[in-house]
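*Asks:* Numbered according to this note's numbering, the sequence shown spans residues 91 to 243.
For each residue, glycine too, the CB sits at the ideal point set by N, CA and C.
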Amino acid sequence: MLYQRRYSVLNEARLSALARSLAKGLFPGAFLALYGDLGAGKTTFVKALAGELGVEDVQSPTFTIVREHREGRLPLFHFDAYRLDSGEELFAIGFADYLGQGGVIAMEWCENVPDALPQDRLELHFTGSGDEPRQLDIRAAGPLHEALLEVLP
(Lines of atoms letter the chains of each structure in order from A; the text may use other names.)
(Lines give C-alpha, C1' and ligand atoms only; values in the text may rest on other atoms or scores of the structure.)
Protein backbone atom coordinates (compact mmCIF):
# COMPACT_ATOMS: atom_id res chain seq x y z
CA MET A 91 0.00 0.00 0.00
CA LEU A 92 1.86 3.01 -1.27
CA TYR A 93 -0.77 5.70 -1.41
CA GLN A 94 -2.05 7.21 1.79
CA ARG A 95 -3.45 10.25 3.53
CA ARG A 96 -3.52 11.19 7.21
CA TYR A 97 -6.10 13.34 8.97
CA SER A 98 -5.47 14.41 12.57
CA VAL A 99 -7.56 15.93 15.35
CA LEU A 100 -10.87 14.92 13.83
CA ASN A 101 -14.14 15.68 15.53
CA GLU A 102 -17.38 13.98 14.48
CA ALA A 103 -18.31 16.78 12.06
CA ARG A 104 -14.94 16.64 10.26
CA LEU A 105 -15.04 12.84 10.14
CA SER A 106 -18.52 12.96 8.58
CA ALA A 107 -17.39 15.56 6.03
CA LEU A 108 -14.51 13.29 4.95
CA ALA A 109 -16.94 10.38 4.57
CA ARG A 110 -19.27 12.46 2.39
CA SER A 111 -16.34 13.53 0.19
CA LEU A 112 -15.21 9.94 -0.21
CA ALA A 113 -18.74 8.79 -1.09
CA LYS A 114 -18.76 11.07 -4.14
CA GLY A 115 -16.00 9.00 -5.73
CA LEU A 116 -17.27 5.53 -4.86
CA PHE A 117 -17.77 3.06 -7.67
CA PRO A 118 -19.34 -0.41 -8.09
CA GLY A 119 -17.08 -2.90 -6.36
CA ALA A 120 -15.40 -0.42 -4.00
CA PHE A 121 -14.19 -2.07 -0.81
CA LEU A 122 -13.64 -0.05 2.35
CA ALA A 123 -11.81 -1.88 5.13
CA LEU A 124 -12.34 -0.07 8.46
CA TYR A 125 -10.00 -0.68 11.39
CA GLY A 126 -10.13 0.77 14.90
CA ASP A 127 -11.23 0.30 18.48
CA LEU A 128 -14.76 0.67 19.81
CA GLY A 129 -15.88 4.28 19.64
CA ALA A 130 -13.20 5.33 17.15
CA GLY A 131 -15.75 6.54 14.57
CA LYS A 132 -16.13 3.64 12.13
CA THR A 133 -19.93 3.49 12.22
CA THR A 134 -20.20 7.29 12.27
CA PHE A 135 -18.08 7.35 9.12
CA VAL A 136 -20.22 4.71 7.38
CA LYS A 137 -23.45 6.53 8.31
CA ALA A 138 -22.21 9.79 6.75
CA LEU A 139 -20.92 7.96 3.67
CA ALA A 140 -24.25 6.17 3.31
CA GLY A 141 -26.17 9.43 3.61
CA GLU A 142 -24.22 10.86 0.69
CA LEU A 143 -25.11 7.74 -1.33
CA GLY A 144 -28.80 8.32 -0.56
CA VAL A 145 -29.07 5.61 2.09
CA GLU A 146 -30.87 6.35 5.34
CA ASP A 147 -31.37 4.48 8.59
CA VAL A 148 -27.89 2.98 8.81
CA GLN A 149 -27.29 1.01 11.99
CA SER A 150 -24.37 -1.04 13.18
CA PRO A 151 -24.59 -4.60 11.82
CA THR A 152 -22.82 -6.08 14.86
CA PHE A 153 -25.50 -8.65 15.60
CA THR A 154 -26.47 -9.41 12.01
CA ILE A 155 -22.94 -9.32 10.47
CA VAL A 156 -24.23 -7.53 7.35
CA ARG A 157 -26.92 -4.98 6.54
CA GLU A 158 -27.91 -4.47 2.92
CA HIS A 159 -28.92 -1.05 1.64
CA ARG A 160 -30.06 -1.00 -1.98
CA GLU A 161 -31.95 2.29 -2.11
CA GLY A 162 -28.99 4.61 -2.80
CA ARG A 163 -26.90 5.60 -5.81
CA LEU A 164 -24.99 2.34 -5.30
CA PRO A 165 -25.92 -0.69 -3.19
CA LEU A 166 -24.15 -0.54 0.17
CA PHE A 167 -23.28 -3.68 2.09
CA HIS A 168 -22.25 -2.76 5.62
CA PHE A 169 -20.41 -5.62 7.33
CA ASP A 170 -19.26 -5.94 10.92
CA ALA A 171 -16.75 -8.75 11.43
CA TYR A 172 -16.43 -8.19 15.19
CA ARG A 173 -18.05 -11.53 16.04
CA LEU A 174 -16.15 -13.50 13.40
CA ASP A 175 -12.97 -15.46 13.98
CA SER A 176 -11.85 -16.06 10.41
CA GLY A 177 -12.40 -15.33 6.76
CA GLU A 178 -13.80 -18.84 6.44
CA GLU A 179 -16.74 -17.84 8.67
CA LEU A 180 -17.31 -14.76 6.53
CA PHE A 181 -17.40 -16.76 3.31
CA ALA A 182 -19.77 -19.26 4.97
CA ILE A 183 -22.42 -16.51 5.19
CA GLY A 184 -22.18 -15.69 1.49
CA PHE A 185 -19.43 -13.05 1.37
CA ALA A 186 -18.35 -14.12 -2.13
CA ASP A 187 -21.85 -13.30 -3.41
CA TYR A 188 -21.62 -9.78 -1.98
CA LEU A 189 -18.24 -9.25 -3.65
CA GLY A 190 -19.82 -10.01 -7.01
CA GLN A 191 -22.87 -7.73 -6.73
CA GLY A 192 -21.25 -4.48 -7.84
CA GLY A 193 -22.05 -2.58 -4.68
CA VAL A 194 -19.89 -0.83 -2.13
CA ILE A 195 -18.70 -2.94 0.77
CA ALA A 196 -17.84 -1.14 3.99
CA MET A 197 -16.51 -3.62 6.53
CA GLU A 198 -15.78 -2.85 10.17
CA TRP A 199 -13.37 -4.97 12.23
CA CYS A 200 -11.42 -6.22 9.22
CA GLU A 201 -8.57 -7.23 11.51
CA ASN A 202 -10.68 -10.30 12.40
CA VAL A 203 -10.85 -11.57 8.80
CA PRO A 204 -7.61 -10.46 7.07
CA ASP A 205 -7.49 -13.54 4.84
CA ALA A 206 -10.89 -12.66 3.31
CA LEU A 207 -10.10 -9.10 2.21
CA PRO A 208 -9.60 -8.30 -1.47
CA GLN A 209 -6.13 -7.03 -2.35
CA ASP A 210 -7.61 -4.02 -4.16
CA ARG A 211 -9.17 -1.94 -1.37
CA LEU A 212 -9.17 1.24 0.64
CA GLU A 213 -8.08 0.83 4.27
CA LEU A 214 -9.27 3.32 6.87
CA HIS A 215 -7.42 3.13 10.20
CA PHE A 216 -9.18 5.03 13.01
CA THR A 217 -7.49 5.90 16.32
CA GLY A 218 -8.82 7.73 19.37
CA SER A 219 -12.33 7.61 20.77
CA GLY A 220 -14.81 9.49 22.91
CA ASP A 221 -13.47 12.94 23.74
CA GLU A 222 -9.93 12.02 22.62
CA PRO A 223 -8.73 13.57 19.37
CA ARG A 224 -9.23 11.14 16.53
CA GLN A 225 -6.89 10.38 13.69
CA LEU A 226 -7.66 8.67 10.40
CA ASP A 227 -5.03 7.09 8.19
CA ILE A 228 -6.30 6.11 4.74
CA ARG A 229 -4.28 3.72 2.56
CA ALA A 230 -5.16 2.66 -0.95
CA ALA A 231 -4.20 -0.44 -2.91
CA GLY A 232 -5.02 -0.73 -6.59
CA PRO A 233 -5.59 2.02 -9.16
CA LEU A 234 -9.35 2.40 -8.63
CA HIS A 235 -8.99 2.77 -4.89
CA GLU A 236 -5.96 5.04 -5.28
CA ALA A 237 -8.17 7.38 -7.34
CA LEU A 238 -10.52 7.66 -4.34
CA LEU A 239 -7.81 9.58 -2.51
CA GLU A 240 -8.14 12.31 -5.14
CA VAL A 241 -11.71 13.14 -4.06
CA LEU A 242 -10.64 13.79 -0.48
CA PRO A 243 -9.77 17.28 0.74
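Pairs of beta-carbons, one from the region 221–237 and one from the region 192–200, closer than 8 Å: are there three or more?
*Replies:* By the Cβ rule, the region 221–237 does not count as touching the region 192–200, because fewer than three pairs are nearer than 8 Å.
*Asks:* Following the continuous beta strand (DSSP E) through L124, name the residue where it begins and the one where it ends.
*Replies:* Counting from one through the sequence shown, the residue named residue 124 turns up at place 34. Element bounds for L124: F121 to Y125.
*Asks:* Let me make sure I understand the geometry here. Which of A130, A123, G177 and A103 has the alpha-carbon closest to that of D210?
*Replies:* Here residue 210 refers to the residue found at position 120 of the sequence shown. The residue among A130, A123, G177 and A103 with its C-alpha nearest the C-alpha of D210 is A123.
*Asks:* Tell whether a beta-carbon distance below 8 Å holds between L143 and L128.
*Replies:* Position 53 of the sequence shown holds residue 143. Position 38 of the sequence shown holds residue 128. No; because the gap between Cβ atoms is not below 8 Å, this pair is not in contact.
*Asks:* Taking the alpha-carbon of P233 as reference, which of L242, Y97, L105 and A120 has the nearest alpha-carbon?
*Replies:* As a first step, residue 233 is located in the sequence shown; it is residue number 143 there, counting from the start. Minimum Cα-Cα distance from P233 among the listed residues L242, Y97, L105 and A120 corresponds to A120.
*Asks:* What did DSSP end up calling S219 once you bin it into helix, strand or coil?
*Replies:* Numbered from 1 along the sequence shown, position 129 holds the residue referred to as residue 219. S219: coil per DSSP, three-state reduction.
*Asks:* Which residue's Cα is closest to the Cα of A182: K132, A130 and I155?
*Replies:* Numbered from its first residue, the sequence shown carries residue 182 at position 92. The candidate whose alpha carbon is nearest that of A182 is I155.
*Asks:* Between which two residues does the beta strand (DSSP E) carrying R157 extend?
*Replies:* Taking the sequence shown and counting its residues from 1, the one referred to as residue 157 is at position 67. Per DSSP, R157 belongs to the beta strand (DSSP E) from V156 to H159.
*Asks:* Tell whether a beta-carbon distance below 8 Å holds between V194 and K114.
*Replies:* On the sequence shown, position 104 is the one that residue 194 refers to. On the sequence shown, position 24 is the one that residue 114 refers to. Not closer than 8 Å, so no.
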